[in-house]
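Going by my numbering, the sequence shown opens with residue 342, and the numbers climb by one from there.
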Amino acid sequence: MLHWKAGKWPQALTAFQRSLRLNETLGDVEAIALINNNMGLLYTDQGHTDLALKHINTALEITKNIGHVHLEGQGYLHRSRLYLAMQNWGQAIEDSEHGLEIFRRIGSREHLIDLYLTQVEAYLEIGDLAKAEDILKAAFQSLKSNQTKALAPSSERGRALRLAAKLAMKYIEWERAAQLLMESLETLQVAGNQLEYARTLMTFAELYKHQKQPEKAIAVASQAAAILQGLGAQPDLERLAQLKVLDLPRTNSLSTGSITNTQP
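1. Alpha carbons only, please: which of 535, 483, 557 and 501 is nearest the one belonging to residue 462?
2. Would you mind reading off the limits of the alpha helix (DSSP H) that contains residue 389?
3. Helix, strand or coil for residue 396 per DSSP?
4. Can you say whether residue 396 is buried or exposed, counting buried as having 16 or more other CB atoms within 10 angstroms of its CB?
5. Is it a yes or a no for the segment 433–440 touching the segment 390–408, going by three-plus beta-carbon pairs under 8 Å?
6. Looking at the secondary structure, which residues open and close the alpha helix (DSSP H) in which residue 562 lies?
7. With a 10 Å radius around its C-beta and 16 neighbouring C-beta atoms as the bar for buried, classify residue 368 as buried or exposed.
8. Tell me the rounded alpha-carbon separation between residue 497 and residue 454.
9. Under 9 Å between the Cβ atoms of residue 394 and residue 381?
10. Helix, strand or coil for residue 449? Go by DSSP, reduced to three states.
11. Quick check on the burial criterion: 16 or more other C-beta atoms within 10 angstroms. Buried or exposed for residue 371?
12. Consider the Cβ of residue 535: report whether some Cβ of chain C lies at a distance smaller than 9 Å.
13. Would you grab the beta carbon distance between residue 569 and residue 546 for me? Rounded to a whole angstrom, and I think it's under 8 Å.
14. Compare the beta carbon distance of residue 544 and residue 494 with 9 Å and say whether it is the shorter of the two.
15. Determine, using beta-carbon pairs with one atom in the segment 517–526 and one in the segment 466–480, whether at least three such pairs fall under 8 Å.
16. According to the Cβ coordinates, are residue 566 and residue 536 closer than 9 Å?
Here's what the structure looks like:
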């Protein structure tokens, strides 16, 4: 887990594989399910969707067999994130609904925010802005009621702020979107989440593109690309390429620098 949080994904994967083999030898089915869940999410971020689906489905099968409801809910959460990466919006919403139902039933708030945000992202993509806005409000309410996440900057808050900015962009509220994105960057920098930080930079690049500010768009897109390449986050690199920001013609050869002087 330490390698994963530090952005050392190959080392994290090696550690997970070693731990999985050990626990398979020991017969610790709960640990096996947990590791498969985590490997599925890591493979999702790397773009290995077949392997991600295999590991998450294995985890779900185990948790259902042993009746570990909490880990089952986590499996639905991770699979919903996989379907987001695959741009299968309907399946992402369906799996997140399963996860929400489980965590509400057992009275656990631990993963509610992530599940809400998965739904917000999916509804934004299919253009249901009213639904996205309602669920985003529920996500922020959950953040306020979660004492641990309310006391310190968190990845969930940073992601929620980015999605709020995306919603503002849909309504062409450029100034509000920029403010929310800056708050997201500041939050994610303190939280130390490089992947989500890069994703917020990508959204900033999209905003600057809409505002016809190519130099700023290219600057933040280049920052995002450097982080994503370092992590090996292939799906996000592909999404960045789809934005066609780095191909924008510059209007001034003396372009601006990065949006911030530091990175997480």
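From the three backbone atoms N, C-alpha and C, an ideal C-beta is built for every residue, glycine too.
In terms of the structure at hand:
1. By 1-based counting over the sequence shown, the position of residue 462 is 121. Residue 501 holds the alpha-carbon nearest to the alpha-carbon of residue 462 among 535, 483, 557 and 501.
2. As a position in the sequence shown, residue 389 is number 48, starting the count at 1. That residue, residue 389, is in no alpha helix (DSSP H); it is neither H nor E in DSSP.
3. Here the question's residue 396 lines up with position 55 in the sequence shown. Of the three classes helix, strand and coil, the one that applies to residue 396 here is helix, per DSSP.
4. Sequence index remark: in the sequence shown, residue 396 carries index 55 (1-based). Counting Cβ neighbours within 10 Å, residue 396 comes out buried, since at least 16 surround it.
5. Here the segment 433–440 makes no contact with the segment 390–408; the two share fewer than three CB pairs at distances below 8 Å.
6. The residue you call residue 562 lines up with position 221 of the sequence shown. Residues 555–572.
7. Looking up residue 368 in the sequence shown gives position 27. So residue 368 counts as exposed.
8. Numbered from 1 along the sequence shown, position 156 holds the residue referred to as residue 497. Numbered from 1 along the sequence shown, position 113 holds the residue referred to as residue 454. Spanning the two alpha carbons is a distance of roughly 7 Å.
9. Translated into positions along the sequence shown, residue 394 becomes position 53. Translated into positions along the sequence shown, residue 381 becomes position 40. Residue 394 places its beta carbon less than 9 Å from that of residue 381.
10. Taking the sequence shown and counting its residues from 1, one reaches residue 449 at position 108. Coil.
11. In the sequence shown, counting from the first residue as 1, residue 371 sits at position 30. Exposed: under 16 other Cβ atoms inside 10 Å.
12. The question asks about chain C, but that chain is absent: this structure has only one protein chain.
13. Along the sequence shown, read from residue 1 onward, the residue named residue 569 stands at position 228. Along the sequence shown, read from residue 1 onward, the residue named residue 546 stands at position 205. Not quite, the Cβ-Cβ distance comes to about 12 Å (not below 8 Å), so this is no contact.
14. As a position in the sequence shown, residue 544 is number 203, starting the count at 1. As a position in the sequence shown, residue 494 is number 153, starting the count at 1. Going by C-beta atoms, residue 544 is not nearer than 9 Å to residue 494.
15. no
16. Counted from its first residue, the sequence shown places residue 566 at position 225. Counted from its first residue, the sequence shown places residue 536 at position 195. No. Outside cutoff.
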